[in-house]
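J.:
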């Protein structure tokens, strides 16, 4: 168990070192959450089902990710617990492994409802509208980049945390958080494009991204500079740890509230 | 909450196995062995049927010491009607067997 946290820390430091050459803020925004997620995972493994065989551990991991599901009458159904109880009745190791693989497929192969997409789309629309309002109020010294880099991580953490905590499902938190990241990215691209065109006519030498001086000779060039794929990719990289971190924290909070290990 | 698409042979087999269980409640693993199907096939069907209200679920109330309570399954009233429809459709079809012509019982016990 000591090799796992070490691997996480070394990996996170390597990522931080690499990204700090591009953007110093990456150390905080990316590497720290990665290391934190790793330590949470490692602690869970160390105190959870480490005494079980491969089948038990596989099914326990799948059950953790899948969480509970809600039946039509609103009852929470813990299919993970149901399958693990069934596994406990099987004695033959080979049969246990076969059952665990099939059960893990059953748990993980079924997507959650469209709630994830609805939540993600709602958050993206609200964020896009807010970003548009901020832009029209004035770009200030930092442009929109300071907003789009800092605020979405907080939102993504909160969404993933709340979704995971309310359903006790790591998977639902992750799904919703990741979908929210993608839909917010679309909203950011749209607003950047619209606002780059708008600000080109108002102040053609000001970058919508960071408020710095920029040289573009047309509206199209201003838009393309604002929604450059590298810029969007950097956003996504900076945001990516937060859905995982929020979902993990949400599941742990839900389990702590009920006294579960 | 009705069946919107034609049920698969595996779904038919699970529904009829539940309907034929005179003792009422069934275990998921027992269904897997009885029908010769993998857990990755049977459990998604049970989950879907439960979500549609065609299968009722419950936990064992008095499990033996040393193992957790098992999850139990049986057809609801709506599920029983669905089973009757499936059985009638199978009887009407000249090529259909009890299990839809696909599912065979497992040859041996595994544990």
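Chains as they are written, first to last, in our numbering: chain A, 1 to 261; chain E, 1001 to 1111. We treat Cβ as the ideally placed atom computed from N, Cα and C, and that holds for glycine.
Determine contact between the region 244-253 of chain A and the region 150-168 of chain A, defined as no fewer than three beta-carbon pairs at a distance below 8 angstroms.
T.: yes
J.: How would you list, in chain order, the residues of chain A whose beta-carbon sits under 8 angstroms from the beta-carbon of residue 1068 (chain E)?
T.: On the second chain, position 68 is the one that residue 1068 (chain E) refers to. Ordered by position in chain A, the residues that pass the 8 angstroms Cβ test against residue 1068 (chain E) are 81, 84, 85, 88.
J.: Residue 1071 (chain E): buried (16+ other C-beta within 10 angstroms of its C-beta) or exposed?
T.: As a first step, residue 1071 (chain E) must be located in the second chain, where it is residue number 71. Classification of residue 1071 (chain E): buried, given that the 10 Å Cβ count is 16 or more.
J.: In the structure shown, what three-state DSSP assignment does residue 1008 (chain E) receive?
T.: Position 8 of the second chain, counted from the first residue, corresponds to residue 1008 (chain E). Residue 1008 (chain E): coil per DSSP, three-state reduction.
J.: Below 7 angstroms between beta carbons: does that hold for residue 222 (chain A) and residue 200 (chain A)?
T.: Reading the first chain from its first residue, position 222 is the one you call residue 222 (chain A). Reading the first chain from its first residue, position 200 is the one you call residue 200 (chain A). Yes, the pair counts as a contact, with Cβ atoms nearer than the cut-off.
J.: Could you tell me whether the region 79-98 of chain A touches the region 153-163 of chain A, using the rule of 3 or more Cβ pairs below 8 angstroms?
T.: no
J.: Within the 7 angstroms Cβ cut-off, does residue 102 (chain A) reach chain E?
T.: To locate residue 102 (chain A), count along the first chain from 1; it is residue 102. With 7 angstroms as the cut-off, residue 102 (chain A) counts as an interface residue toward chain E.
J.: Look up residue 1075 (chain E) in the DSSP assignment and say whether it is helix, strand or coil.
T.: Working through the second chain from its first residue, we reach residue 1075 (chain E) at position 75. The answer is strand: DSSP assigns residue 1075 (chain E) an E or B state.
J.: Taking the C-alpha atoms as reference points, what is the distance between residue 173 (chain A) and residue 105 (chain A)?
T.: Translated into the one-based positions of the first chain, residue 173 (chain A) becomes position 173. Translated into the one-based positions of the first chain, residue 105 (chain A) becomes position 105. Approximately 19 angstroms, taken between the alpha carbons.
J.: With residue 257 (chain A) and residue 1043 (chain E) assumed to form a contact (beta carbons below 8 angstroms), what rounded beta-carbon distance in angstroms separates them?
T.: In the first chain, counting from the first residue as 1, residue 257 (chain A) sits at position 257. In the second chain, counting from the first residue as 1, residue 1043 (chain E) sits at position 43. Distance from residue 257 (chain A) to residue 1043 (chain E) at the Cβ level is roughly 28 angstroms; contact not present, criterion being Cβ atoms closer than 8 angstroms.
J.: Which one or two residues does DSSP pair with residue 242 (chain A) in a beta bridge?
T.: In the first chain, the residue the question calls residue 242 (chain A) occupies position 242. In the DSSP output, where bridge partners are listed per residue, residue 242 (chain A) has none listed.
J.: Apart from the five residues just before and just after residue 227 (chain A), which ones in its own chain have a Cβ nearer than 8 angstroms to its Cβ?
T.: The sequence position of residue 227 (chain A) within the first chain is 227, counting from 1. Answer for residue 227 (chain A): 189, 192, 193, 196, listed in chain order.
J.: Determine, using beta carbons only, whether residue 86 (chain A) and residue 1028 (chain E) come nearer to each other than 7 angstroms.
T.: Taking the first chain and counting its residues from 1, the one referred to as residue 86 (chain A) is at position 86. Taking the second chain and counting its residues from 1, the one referred to as residue 1028 (chain E) is at position 28. Yes, they are a contact pair.
J.: For residue 228 (chain A), does the three-state DSSP call read helix, strand or coil?
T.: Locating residue 228 (chain A) in the first chain gives position 228, where the first residue counts as 1. If DSSP states are grouped into helix, strand and coil, residue 228 (chain A) belongs with coil.
J.: Any beta carbon from chain A within less than 7 angstroms of residue 1044 (chain E)'s own beta carbon?
T.: Against the second chain, residue 1044 (chain E) aligns to sequence position 44. Taking Cβ atoms only, chain A reaches closer than 7 angstroms to residue 1044 (chain E), which makes this a yes.
J.: Whole angstroms is fine: what's the gap from residue 1038 (chain E)'s alpha carbon to residue 1010 (chain E)'s?
T.: Mapped onto the second chain, residue 1038 (chain E) falls at position 38. Mapped onto the second chain, residue 1010 (chain E) falls at position 10. Each residue's alpha carbon lies about 10 angstroms from the other.
J.: Anything in chain A within Cβ reach of residue 1061 (chain E), meaning under 8 angstroms, just list it in chain order.
T.: For the purposes of this step, residue 1061 (chain E) is taken as the residue at position 61 of the second chain. Going along chain A, no residue has its Cβ under 8 angstroms from residue 1061 (chain E), so there is no contact; the nearest lies around 13 angstroms.
J.: Give me, in chain order, the residues of the same chain whose beta-carbon lies closer than 7 angstroms to that of residue 1019 (chain E); leave out the 5 immediate sequence neighbours on both sides.
T.: Locating residue 1019 (chain E) in the second chain gives position 19, counting from the first residue. The answer, listed in chain order, is 1075, 1080, 1083.
J.: Helix, strand or coil for residue 206 (chain A), going by three-state DSSP, please let me know.
T.: What you label residue 206 (chain A) is simply residue 206 of the first chain in a count that begins at 1. Here residue 206 (chain A) sits in strand by DSSP.
J.: Closer than 8 angstroms, Cβ to Cβ, to anything on chain A: give me those residues from the region 1068-1082 of chain E, in chain order.
T.: Hits within the stretch, in order: 1068, 1069, 1070, 1071.
J.: Let me check understanding here. Comparing Cα to Cα, which of A:211, A:61, A:88 lies closest to residue 1064 (chain E)?
T.: Counting from 1 along the second chain, the entry for residue 1064 (chain E) is found at position 64. Ranking A:211, A:61, A:88 by Cα distance to residue 1064 (chain E) puts A:88 first.
J.: So, helix, strand or coil for residue 123 (chain A), using DSSP?
T.: Walking along the first chain from the start, residue 123 (chain A) turns up at place 123. Note: residue 123 (chain A) maps to helix in three-state DSSP.
J.: Give me the Cα-Cα distance between residue 231 (chain A) and residue 145 (chain A), rounded to the nearest whole angstrom.
T.: Your numbering for residue 231 (chain A) matches position 231 in the first chain. Your numbering for residue 145 (chain A) matches position 145 in the first chain. Rounded to whole angstroms, residue 231 (chain A) to residue 145 (chain A) spans 10 angstroms at the Cα level.
J.: Would you kindly check if the distance between the Cβ of residue 116 (chain A) and the Cβ of residue 185 (chain A) is under 7 angstroms?
T.: The residue given as residue 185 (chain A) occupies position 185 in the first chain. The residue given as residue 116 (chain A) occupies position 116 in the first chain. Their beta carbons are not under 7 angstroms apart, which means residue 185 (chain A) does not touch residue 116 (chain A) by this criterion.
J.: Residue 201 (chain A) bridges to which residues according to DSSP?
T.: The residue given as residue 201 (chain A) occupies position 201 in the first chain. The partner list for residue 201 (chain A) (beta bridge, DSSP) is empty, contrary to what the question assumes.
J.: Do residue 121 (chain A) and residue 176 (chain A) come within 7 angstroms of each other at the CB atom, strictly closer than that value?
T.: Your numbering for residue 176 (chain A) matches position 176 in the first chain. Your numbering for residue 121 (chain A) matches position 121 in the first chain. Their beta carbons are not under 7 angstroms apart, which means residue 176 (chain A) does not touch residue 121 (chain A) by this criterion.
J.: Taking the alpha-carbon positions, what's the residue 1023 (chain E) to residue 1073 (chain E) distance?
T.: On the second chain, residue 1023 (chain E) is found 23 positions in, with the first residue counted as 1. On the second chain, residue 1073 (chain E) is found 73 positions in, with the first residue counted as 1. Near 11 angstroms, if we compare the C-alpha coordinates of residue 1073 (chain E) and residue 1023 (chain E).
J.: Provide the residue span of the beta strand (DSSP E) that contains residue 1057 (chain E), from first to last.
T.: Here residue 1057 (chain E) is taken as the residue at index 57 of the second chain, counted from 1. It spans 1055-1059 - the beta strand (DSSP E) in which residue 1057 (chain E) sits, taken as one unbroken run.
J.: Which of the three DSSP states, helix, strand or coil, is assigned to residue 1022 (chain E)?
T.: The count along the second chain starts at 1 and reaches residue 1022 (chain E) at position 22. If DSSP states are grouped into helix, strand and coil, residue 1022 (chain E) belongs with coil.
J.: Would residue 1036 (chain E) count as contacting chain A if we go by Cβ distances under 7 angstroms?
T.: Residue mapping note: residue 1036 (chain E) aligns to position 36 of the second chain, counting from 1. Chain A, which has no Cβ nearer than 7 angstroms to the Cβ of residue 1036 (chain E), makes this no.
J.: Residue 1030 (chain E) lies in the alpha helix (DSSP H); which residues open and close that run?
T.: Taking the first residue of the second chain as 1, we reach residue 1030 (chain E) at position 30. Taken as a continuous stretch (DSSP letters only), the alpha helix (DSSP H) holding residue 1030 (chain E) covers 1028-1035.
J.: Applying a beta-carbon distance threshold of less than 7 angstroms, which residues of chain A neighbour residue 1057 (chain E)?
T.: For this step, residue 1057 (chain E) is matched to residue 57 along the second chain. The answer, in chain order, is 77.
J.: Thinking C-alpha only, which one of A:81, A:108, A:181 is nearest residue 124 (chain A)?
T.: By one-based count along the first chain, residue 124 (chain A) stands at place 124. When only C-alpha atoms are compared, the closest one is A:181.
J.: Which stretch, first to last residue, makes up the alpha helix (DSSP H) that contains residue 1044 (chain E)?
T.: Looking up residue 1044 (chain E) in the second chain gives position 44. Segment 1039-1051, the alpha helix (DSSP H) holding residue 1044 (chain E).
J.: Could you pull out every residue in the same chain whose Cβ sits closer than 7 angstroms to the Cβ of residue 207 (chain A), ignoring the five residues on either side in sequence?
T.: Here residue 207 (chain A) corresponds to residue number 207 of the first chain, with the count starting at 1. If we look at residue 207 (chain A) and ignore the five residues flanking it on each side, its Cβ neighbours are 143, 214.
J.: DSSP on residue 306 (chain A), reduced to helix/strand/coil?
T.: Residue 306 (chain A) cannot be examined here, being either before or after the span of chain A that is shown, 1 to 261.
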